[in-house]
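Asker: According to my numbering, the sequence shown is numbered sequentially starting from 960. Glycine residues also receive a C-beta, built at the ideal position from the N, C-alpha and C atoms.
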Amino acid sequence: MPWLKFTLRTDNEHADTVTEALEAAGAQAVTLIDAEDQPLFEPGPGETPMWAELEATGLFEADIDTQTLRQQLATQIPESILATQRLEPLEDKDWSRVWMDDYKPMRFGQRVWIVPSWCKAPEPDAVNILLDPGLAFGTGTHPTTALCMAWLDAQDMQDKTVLDYGCGSGILGVAAAKLGAKSVIAIDID
């Protein structure tokens, strides 16, 4: 089923109003993203950080009457925000699989590769970790994981005991074991 993306540029003061209006108009999902590459820092207790300028995108079924949609939104959203609207068709895809097209083998340091199970290892004699990556932690794409993986590659792991605390998928522990660690303890609560 094809979809229609209806995007509005707004500010954090109106973000809730815009989100609620899009949902009330029948959006199947609403996404808020940064509109100007603004950093968000660690919030204090009880704070919910939000960008000053953002884009709110409602995902609608493609056959929605856009004129009626605009009229409905105009009753709840300021005209200055409604004037920023963008409509964009979105082809339906198997979203649970489409990301795989862009996921390629990744090298960490000099020896370690994370290789998706559907790809051929670029260097068969390297330390290859074959993986069915998901969309979450443990694939090597997170900067902290990548930094730790490169650090492990630079170390002599022979006869070492490694603790991977908060291991997620356990990928760092697997890398340490494949690099020669005699013992790996991987702990997580999720």
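(1) If you count every other CB in all the chains shown that lies within 10 Å of the CB of M960, and 16 or more means buried, which is it?
(2) Grab me the residues of P1002's own chain with a C-beta within less than 6 Å of its C-beta, minus the 5 sequence neighbours each way, in chain order.
(3) Considering only residues of the same chain and omitting the five flanking positions on each side of G1132, which have a CB-CB separation below 7 Å?
(4) Extract the residue ranges of the beta strand (DSSP E) inside the stretch 1006-1080, only unbroken runs of 3 or more that lie entirely within it.
(5) Output needed for M1059: all residues of its chain with C-beta closer than 8 Å, excluding positions within five of it in sequence on either side, in chain order.
(6) Is the CB-CB distance between L1041 and L967 below 8 Å?
(7) Name the one or two DSSP bridge partners that S1142 has.
(8) If we ignore side chains and look at the alpha-carbon of each, how far apart do T969 and Q1030 end up?
(9) Report, in whole angstroms, the separation of the C-beta atoms of L981 and P1048, which I expect to be a contact under 8 Å.
(10) Alpha carbon to alpha carbon, how far is Q1069 from A1135?
(11) Across which residues does DSSP place V989 in a beta bridge pair?
(12) Does DSSP put T969 in a helix, in a strand, or in coil?
(13) If you reduce the DSSP assignment to three classes, tell me which class L963 lands in.
(14) Hey, F965 and T1034: beta-carbon distance below 8 Å or not?
(15) Could you tell me which residues DSSP puts in a beta bridge with L981?
(16) Please report the distance separating the alpha-carbon of M1065 from that of G1099.
Answerer: Inspection of the coordinates gives the following:
(1) Here residue 960 refers to the residue found at position 1 of the sequence shown. Answer is exposed; the Cβ neighbour count stays below 16.
(2) Start at 1 with the first residue of the sequence shown, and residue 1002 comes out as number 43. Leaving aside the five residues that flank P1002 on each side, the residues in its chain whose CB is nearer than 6 Å to its CB run, in chain order, P1008.
(3) Position 173 of the sequence shown, counting from 1, holds the residue named residue 1132. Around G1132: V1121, D1123, C1126, V1143, A1145.
(4) 1012-1020, 1045-1049, 1065-1067, 1071-1075
(5) As a working note, residue 1059 is residue 100 in the sequence shown. Contacts found: P1075, W1077.
(6) Mapped onto the sequence shown, residue 1041 falls at position 82. Mapped onto the sequence shown, residue 967 falls at position 8. Yes, these two residues count as a Cβ contact at 8 Å.
(7) Residue 1142 sits at position 183 when you count from the first residue of the sequence shown. As computed with DSSP, S1142 is found in a beta bridge with T1120.
(8) Locating residue 969 in the sequence shown gives position 10, where the first residue counts as 1. Locating residue 1030 in the sequence shown gives position 71, where the first residue counts as 1. Their backbone Cα atoms lie some 18 Å apart in a straight line.
(9) Working through the sequence shown from its first residue, we reach residue 981 at position 22. Working through the sequence shown from its first residue, we reach residue 1048 at position 89. With a Cβ gap of about 17 Å, L981 and P1048 do not count as contacting.
(10) Within the sequence shown, residue 1069 is the residue found at index 110, counting from 1. Within the sequence shown, residue 1135 is the residue found at index 176, counting from 1. One C-alpha to the other measures close to 14 Å.
(11) One-based indexing of the sequence shown puts residue 989 at position 30. Beta-bridge pairing links V989 to G1017.
(12) Taking the first residue of the sequence shown as position 1, residue 969 is located at position 10. In this structure, T969 counts as strand in the three-state DSSP scheme.
(13) Counted from its first residue, the sequence shown places residue 963 at position 4. Strand.
(14) By one-based count along the sequence shown, residue 965 stands at place 6. By one-based count along the sequence shown, residue 1034 stands at place 75. Against a cut-off of 8 Å, the Cβ pair of T1034 and F965 comes out as no contact.
(15) Mapped onto the sequence shown, residue 981 falls at position 22. Note: L981 sits in no beta bridge, so no partner.
(16) For this step, residue 1065 is matched to residue 106 along the sequence shown. For this step, residue 1099 is matched to residue 140 along the sequence shown. Each residue's alpha carbon lies about 8 Å from the other.
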